[in-house]
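Colleague: To convert, count from 1 in the sequence shown and add 201; that's the numbering used here. All residues carry an ideal CB built from backbone N, CA and C; glycine is no exception. Below you will find the structure I want to go over with you.
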Amino acid sequence: MALGDAAQPQAVRSNRVVLDAYGFIKAWLIATSLWVGVLLLVVAAYFGVPAVRNGNDAGHVWGLLGMATFYGFGVALVFAAPLGWVLAYLLRPVRNQWVHIGAFSVVPTLAFWLLGSVLGFGWQPVMLIPWATVGVAAAIGRWAVRKDVLFTNSADLPFEHPAS
């Protein structure tokens, strides 16, 4: 029984989709590593390539890549992990895994657009494009663990894998 289950009626508790801690951490690592990897490529291309072409020293790019890695994983730990946990909790009654994947694409995109807007990156709709990379990475991470979820049809039955 998970925290808060006793407060829910039997009909709500009886049909649930649950991702265990291993699956959640696996999805977070896949999504975050993918997003930070793309971020590193963008930083290297945006700052490193022009410096090399101009004949300047590109040593500062290593520091920028380190900062992008540190802040990328930090932001993902502080904001994306709790957002993913809340979203997974809210999607427990939904059995269709593609709905989960779609929600993990749309909700992080909009949440990080809001977060970026508050931090001063702007509210323009065109800013949804870079923040969509967060949503796509989250959707890929959720897709990667779609077979790791546990289903139950009754509160009396134990959880089972969908392939069983």
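(1) Have a look at G273 and L220 and give me their C-alpha separation to the nearest angstrom.
(2) Going along the chain, which residues of its own chain have a beta-carbon closer than 8 Å to the beta-carbon of L358, five neighbours each way excluded?
(3) Could you check what DSSP says for P320 in three-state terms: helix, strand or coil?
(4) At the level of alpha carbons, what is the spacing between G323 and P331?
(5) Grab me the residues of A312's own chain with a C-beta within less than 6 Å of its C-beta, minus the 5 sequence neighbours each way, in chain order.
(6) Leaving out five residues before and five after R293 in sequence, what residues of the same chain have Cβ atoms less than 7 Å from its Cβ?
(7) Just mark R254 as buried or exposed, buried being the case when its beta carbon has 16 or more other beta carbons within 10 Å.
(8) I'd like the span of the alpha helix (DSSP H) that includes R254, first residue to last.
(9) At a cut of 8 Å, does the segment 219-238 reach the segment 335-350 through at least three beta carbon pairs?
(10) Can you tell which of I302, Q325, V327, T353 has its C-alpha closest to the C-alpha of V346?
(11) By a C-beta neighbour count over all protein chains shown, 10 Å radius and 16 as the cutoff for buried, is L240 buried or exposed?
(12) Give every residue of the same chain whose Cβ lies closer than 6 Å to the Cβ of F305, excluding the five residues on either side of it in the sequence, and list them in chain order.
(13) Write down the C-beta distance between P309 and A281 rounded to the nearest angstrom, noting that I regard them as a contact closer than 8 Å.
(14) Assuming contact is defined by CB atoms lying nearer than 9 Å, are R296 and F352 in contact in what I supplied?
Modeller: According to the data block:
(1) By 1-based counting over the sequence shown, the position of residue 273 is 72. By 1-based counting over the sequence shown, the position of residue 220 is 19. Whole-angstrom Cα-Cα distance: 24 Å.
(2) Residue mapping note: residue 358 aligns to position 157 of the sequence shown, counting from 1. With a pLDDT of only 49 at L358, under 50, the local geometry of the prediction cannot be trusted, and the value read off the model is given with reservation. Here the set comprises nothing.
(3) Stepping through the sequence shown from its first residue, residue 320 is reached at position 119. The question names Pro, but residue 320 in the sequence shown is Leu. Coil.
(4) Start at 1 with the first residue of the sequence shown, and residue 323 comes out as number 122. Start at 1 with the first residue of the sequence shown, and residue 331 comes out as number 130. If you take the alpha carbons of G323 and P331, they lie about 12 Å apart.
(5) Stepping through the sequence shown from its first residue, residue 312 is reached at position 111. Closer than 6 Å at the Cβ level, and outside the excluded window around A312, lie L284.
(6) In the sequence shown, residue 293 corresponds to position 92, counting from 1. Within the same chain, R293 has close Cβ partners R217, V218, V219.
(7) Within the sequence shown, numbered from 1, the residue matching residue 254 stands at position 53. Exposed, because fewer than 16 other Cβ atoms sit within 10 Å of the Cβ of R254.
(8) Within the sequence shown, numbered from 1, the residue matching residue 254 stands at position 53. That run of the alpha helix (DSSP H) goes 250-254.
(9) yes
(10) As a first step, residue 346 is located in the sequence shown; it is residue number 145 there, counting from the start. The option with the nearest alpha carbon to V346 is I302.
(11) Residue mapping note: residue 240 aligns to position 39 of the sequence shown, counting from 1. Buried is the call here.
(12) Residue 305 sits at position 104 when you count from the first residue of the sequence shown. Taken in chain order, the residues that qualify are A339, A340, R343.
(13) As a first step, residue 309 is located in the sequence shown; it is residue number 108 there, counting from the start. As a first step, residue 281 is located in the sequence shown; it is residue number 80 there, counting from the start. Between A281 and P309 the Cβ distance is about 7 Å, and since that is below 8 Å, they are a contact.
(14) Stepping through the sequence shown from its first residue, residue 296 is reached at position 95. Stepping through the sequence shown from its first residue, residue 352 is reached at position 151. Yes; because the gap between Cβ atoms is below 9 Å, this pair is in contact.
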